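Chemist: Numbered per this note's numbering, the sequence shown finishes at 104, counting up by one with no gaps.
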Amino acid sequence: MDAITTAISNKRRTTPTTVNSNDLLTRCFDKPQPKPIATPTPVTELDNYMALDEIIDETEDVLLFWKRHAQSFPTLSII
């Protein structure tokens, strides 16, 4: 065998080193990423609000309605 073939053969026989969990790159890039939360666009949010079948009673506080629905309609609830 020539020197190049021997060097390649030796590289293949080496065992991979274990990655230190304290390594910054490992901690940043190898950890599982949380799934992104889908945020509706303002147009979709408005469409969902218009399609809502909930009727607000005249005696009901409108601000409490928006507080209850702030997660469903984040943009509309802050207007």
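Even for Gly, the Cβ is constructed at its ideal location relative to N, Cα and C.
The structure displayed is predicted, hence computed values, not measured ones.
Answer with buried or exposed for Phe54, where buried requires no fewer than 16 other C-beta atoms within 10 angstroms of its C-beta.
Modeler: So Phe54 counts as exposed.
Chemist: Taking just the CA atoms, how far does Thr84 sit from Leu71?
Modeler: Rounded to the nearest angstrom, the two C-alpha atoms are 24 Å apart.
Chemist: Out of Ala63, Lys92, Phe98, point me to the one whose CA is closest to Leu77's CA.
Modeler: Answer by Cα proximity: Phe98.
Chemist: For the alpha helix (DSSP H) containing Thr66, list its first residue and its last residue.
Modeler: Where Thr66 is concerned, there is no enclosing alpha helix (DSSP H), given that its DSSP letter is neither H nor E.
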